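Using full-length UniProt numbering, the letters of the sequence shown map in sequence onto residues 1 to 535. Backbone N, C-alpha and C fix where the C-beta goes; we use that ideal spot for every residue, glycine too. What you are looking at is a predicted structure, and each value in this text was computed from that prediction instead of being measured.
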Amino acid sequence: MYYSNEPTKDYPAISIFEALFEQETNVSDDQKLYVDCDNTEEYLTRASLKRDILLFAQGLKNKYNFGPGDIMAICAPNHASATTACVRALEGPERVVMDITLVRPKLIISHKDTIKAVELAAQNIGLDDTHILLFGNESIKGFKPFRSVLMNHSVLATPVKLTPKELSTEPAYLYYTSGTSGVKKATIITHSNVVAMMYANDPWVPPGTPYLAYSNNAHISGLASAMTLSIMHGIRTYFLRNFSIQRMCEAVQKYKIRFIMSQAWVGAALTKESFVSNYDLSSLLLILSAGSFLDQTTMARFRERHNFGLSSVFGMTEVMSCIKISREAHIRGSVGRLYPGMIAKIIDDNGEEATNGSPGELCLKGPTVTPGYYSDPKATAATIDKDNFFHSGDLFRVDEEGYFYYMSRMKDRITYYFYEFSPPEIEDVVAKVSECCVVGVYSEELGTELPKAFVVLSNRQSPKVTEEEIRAYAEDRLPEYLRLKGGVVIIDALPLTFMGKVDRSILRQQTGSLVPLKHQKVNSILNLPSIISIE
Numbered sequence: 001m002y003y004s005n006e007p008t009k010d011y012p013a014i015s016i017f018e019a020l021f022e023q024e025t026n027v028s029d030d031q032k033l034y035v036d037c038d039n040t041e042e043y044l045t046r047a048s049l050k051r052d053i054l055l056f057a058q059g060l061k062n063k064y065n066f067g068p069g070d071i072m073a074i075c076a077p078n079h080a081s082a083t084t085a086c087v088r089a090l091e092g093p094e095r096v097v098m099d100i101t102l103v104r105p106k107l108i109i110s111h112k113d114t115i116k117a118v119e120l121a122a123q124n125i126g127l128d129d130t131h132i133l134l135f136g137n138e139s140i141k142g143f144k145p146f147r148s149v150l151m152n153h154s155v156l157a158t159p160v161k162l163t164p165k166e167l168s169t170e171p172a173y174l175y176y177t178s179g180t181s182g183v184k185k186a187t188i189i190t191h192s193n194v195v196a197m198m199y200a201n202d203p204w205v206p207p208g209t210p211y212l213a214y215s216n217n218a219h220i221s222g223l224a225s226a227m228t229l230s231i232m233h234g235i236r237t238y239f240l241r242n243f244s245i246q247r248m249c250e251a252v253q254k255y256k257i258r259f260i261m262s263q264a265w266v267g268a269a270l271t272k273e274s275f276v277s278n279y280d281l282s283s284l285l286l287i288l289s290a291g292s293f294l295d296q297t298t299m300a301r302f303r304e305r306h307n308f309g310l311s312s313v314f315g316m317t318e319v320m321s322c323i324k325i326s327r328e329a330h331i332r333g334s335v336g337r338l339y340p341g342m343i344a345k346i347i348d349d350n351g352e353e354a355t356n357g358s359p360g361e362l363c364l365k366g367p368t369v370t371p372g373y374y375s376d377p378k379a380t381a382a383t384i385d386k387d388n389f390f391h392s393g394d395l396f397r398v399d400e401e402g403y404f405y406y407m408s409r410m411k412d413r414i415t416y417y418f419y420e421f422s423p424p425e426i427e428d429v430v431a432k433v434s435e436c437c438v439v440g441v442y443s444e445e446l447g448t449e450l451p452k453a454f455v456v457l458s459n460r461q462s463p464k465v466t467e468e469e470i471r472a473y474a475e476d477r478l479p480e481y482l483r484l485k486g487g488v489v490i491i492d493a494l495p496l497t498f499m500g501k502v503d504r505s506i507l508r509q510q511t512g513s514l515v516p517l518k519h520q521k522v523n524s525i526l527n528l529p530s531i532i533s534i535e
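If you want it as C-alpha cells, here you go:
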C-alpha cells in the first residue's frame, strides 16, 4: 500500500454550493470570476454567479417541479452554468442519443448547433419538446431560451441541506466516460468527492490571477479547474471561443495569463510552431497538461524554447484529483505523489500487490473516488473491488520516495486531441472487412495519438480493395475525430492471444515510426465551436 506523505486533511460535510459560496473567504463579491475573451464586458462576478445559480435553481422548481434525483443535461459548447449531466457538443447524433438515453434527463438545455441531435434523443426517451430549452437569446423551432423560462423572476432558491449520507452517495454531477468495450458509462461525482478535491488543493495563486480556459467542461479537468477551484480561490477565468494556438497565444499576451490547463498536443505545438515566437508569453508560469502524457523528447524541446513550465498531470473521471504534481516530481519525470487522504496499491496480473517498484495496475481509494456508475451496478462491481479500490486500468510504478510514474495504458482507449474514445467505435463501422482492429499510434509531430486500422478482407471481397477505399468508406460514416488519420493496413490475419483475443500490443509494435496522413491545421481538423458564452 502507498499513502500520502502529507497529513490527511479534514473537510466539512457540506454541499458544493456551501463550499463555494457560504464559507469564509478572502474573495470579494465583486471579484470577476468568468470573463469572455472576445468581449470583456461580458463577465460574471462572484456575487452575480451566486445569484444566477439561485435564480436558475428556483426556476427549475417553479417550471419543472425539479426535486431529488432529477437530472438536467447540457448539450452545448462550454457554458459558465453548472451542469448535472454533461453531453459533449461535438458528438454525432447517434452518440448524443445514446448519452441522453443513458441518464434520461428531465430537462435538456441545448445549443443551436446541437438541437437536431437533442430532438432525436428527446423523442427516443419520450421527453416533451417543452422540456428542451436553448442557450442564447433567440427561440428556434419553438424552443425557448432558458433565461426567459427559468430566470424571469426575482425569487432566489433556498439551498437544500443534505445529510452526510446524501453528500457521499447522491450524484451532484454525471460525467461520461468510455470503457475499453466502447460502452458509455455515466460516472457519479458526489458533493463529497468535489468538496474533498477542493480542500486538498491549497491555493498557490492570489485572487484575481488570470487563468485561460478553453478545454471542454465535459472533461473532469474542466469541472475541477474552471467550474470549482476558480470560484473557490477567486481566479479570474478567461474563456476562449474558437480555439487555435494563435488565439491562445494572443489571449496570453493580451490578458497576461499566468497558467493554463491544456493537452499534450498543445504543448507539442508550442514547441514546434515558429509563429509562437511572435507573441509575448512571459506572463505564463505554468501549463498543466492533462488527458494524455507528453513524451520526454517534446518536454526537453519545450524547456529549450520556453521559460515557463510544462507538466503532465494525472487524473481520471472516476477519481478526480489523486496525484499531486510538484517541481520535484517534474524534475524526476514523475506525475507526483498522492494527495492527502488517498491510498494506492499497484497490482500485478494476478491481482497481487507488486513489490520493489515493479510496474502494475494503479488502484486508488480515497475521498475523491466515485461511488460508481449511474444505473450500472455491473460496471461498478467490475471496477471497484470489495475493499473500495478503484482499478484504473493504467500501468504505473512507484519509487522508494512515493513518486508515481505513468508507464502506459492498460486499456485500449485512444486519445486524439480533445477526444478519448474506444476502438470499437471505429471498428464497428468498418463493414468492408470481416475483421478489424484499431490501435492508437503516437505522432511525435502532432503530440497526439492517431487511430490506425489493421484489417483482414473477407473471402468474398475482391483482392483489389485498397487501404484508401476502406479509409474513404469509414470517413463517410464517422465524425472527424474518429477518422483513420493513422492509416489503414491490410493484413492476412490478426494476431491472437492464447485466449483468442486480438493481441493489440503486437499490432502497436508493428506500427514503427508513424508518418501521419496529410493533415489540415489543428483547428480545421477539430472544427471547434465557441468554448464559452456567458449569457
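- The residues Gly-59, Lys-63 and Leu-133, in chain order, have a CB closer than 8 Å to that of Val-149 in the same chain once the five nearest residues on each side in sequence are set aside.
- Taking all protein chains in view, the Cβ of Asn-201 is crowded by 16 or more other Cβ atoms within 10 Å, so the residue is classified as buried.
- For the pair Arg-483 and Pro-451, the CB atoms are nearer than the 9 Å cut-off.
- Between the region 188-207 and the region 225-237 there are three or more C-beta pairs closer than 8 Å, enough to call the two in contact.
- Val-319 counts as buried, since at least 16 other C-beta atoms from the protein chains shown sit within 10 angstroms of its C-beta.
- Just so you know, the alpha carbons of Ser-154 and Phe-66 end up roughly 18 Å apart.
- The distance from the Cβ of Leu-338 to that of Ser-4 is about 4 Å, consistent with a contact at the 8 Å cut-off.
- Collapsing the DSSP output to three states places Lys-112 in a helix.
- Taking the C-beta atoms as reference points, Val-456 is found no nearer than 9 Å to Ile-414.
- Secondary structure note for Asp-36: its beta strand (DSSP E) is the uninterrupted segment 32-36.
- Contact annotation: Leu-364 and Met-342 have beta-carbon atoms nearer than 9 Å.
- Comparing alpha-carbon positions, the option among Leu-229, Ile-100 and Asn-193 lying closest to Thr-25 turns out to be Leu-229.
- Judged by pairs of C-beta atoms under 8 Å, the region 269-283 does not touch the region 181-195, as fewer than three such pairs exist.
- The Cβ-Cβ distance between Leu-223 and Val-195 does not fall below 9 Å.
- For Ala-453, the closest alpha carbon among the candidates Lys-464, Gln-263, Gly-447 and Gly-440 is that of Gly-440.
- By the criterion of a C-beta distance shorter than 7 Å, Leu-20 is surrounded in its chain by Ile-231 and Met-232, once the five residues flanking it on both sides are discounted.
- Closest option to Arg-332, judged by alpha-carbon separation, among Gly-402, Val-160, Thr-271 and Val-266: Gly-402.
- Of the residues assessed, Gly-447 falls on the buried side of the cut-off, its CB having 16 or more other CB atoms within 10 angstroms.
- Gly-366 has its alpha-carbon roughly 12 Å from the corresponding atom of Lys-345.
- From the listed residues Thr-130, Tyr-175 and Gly-315, the smallest Cα separation to Tyr-374 is found for Tyr-175.
- Taking Ser-215 as reference, the option from Asn-242, Asn-193, Met-197 and Tyr-199 with the minimal CA-CA separation is Asn-242.
- Looking at the DSSP output, Asp-349 bridges to nothing.
- If you look at Thr-448, you'll find it isn't in any alpha helix (DSSP H); it sits in the beta strand (DSSP E) that goes 448-457.
- Comparing alpha carbon positions, the residue from Met-198, Val-103 and Gln-510 closest to Gln-23 is Met-198.
- Less than 9 Å separates the beta-carbon of Glu-444 from that of Thr-298.
- Residue ranges of uninterrupted beta strand (DSSP E) with 3 or more members, entirely inside the region 182-258 and ordered along the chain, are 184-190, 210-213 and 236-239.
- Going by beta carbons, Ala-269 and Leu-294 fall outside the 9 Å limit.
- Counting only residues of its own chain and dropping the five nearest sequence neighbours on each side, Ile-347 has a CB closer than 7 Å to the CB of Glu-353, Ala-354, Gly-360, Glu-361 and Cys-363.
- The straight-line gap separating the alpha-carbon atoms of Leu-288 and Ile-260 is approximately 6 Å.
- Measuring C-alpha to C-alpha distances from Lys-256 to each of Thr-8, Tyr-211, Glu-425 and Thr-163 identifies Tyr-211 as the nearest.
- Membership of Gly-357 in any beta strand (DSSP E) is not indicated, and neither H nor E is assigned to it by DSSP.
- Along the region 265-350, the beta strand (DSSP E) occurs as fully enclosed runs of 3 or more residues at 286-289, 309-312 and 343-347, listed in sequence order.
- Closest in alpha carbon position to Phe-390, among Thr-40, Ala-381, His-330 and Phe-396, is Ala-381.
- Under a 10 Å Cβ-count criterion, Gly-142 is classified as exposed, with fewer than 16 other Cβ atoms of the shown protein chains found around its own Cβ.
- Counting along the chain, the unbroken beta strand (DSSP E) around Leu-44 starts and ends at 39-45.
- Taking the CA atoms as reference points, Ser-505 sits about 18 Å from Tyr-406.
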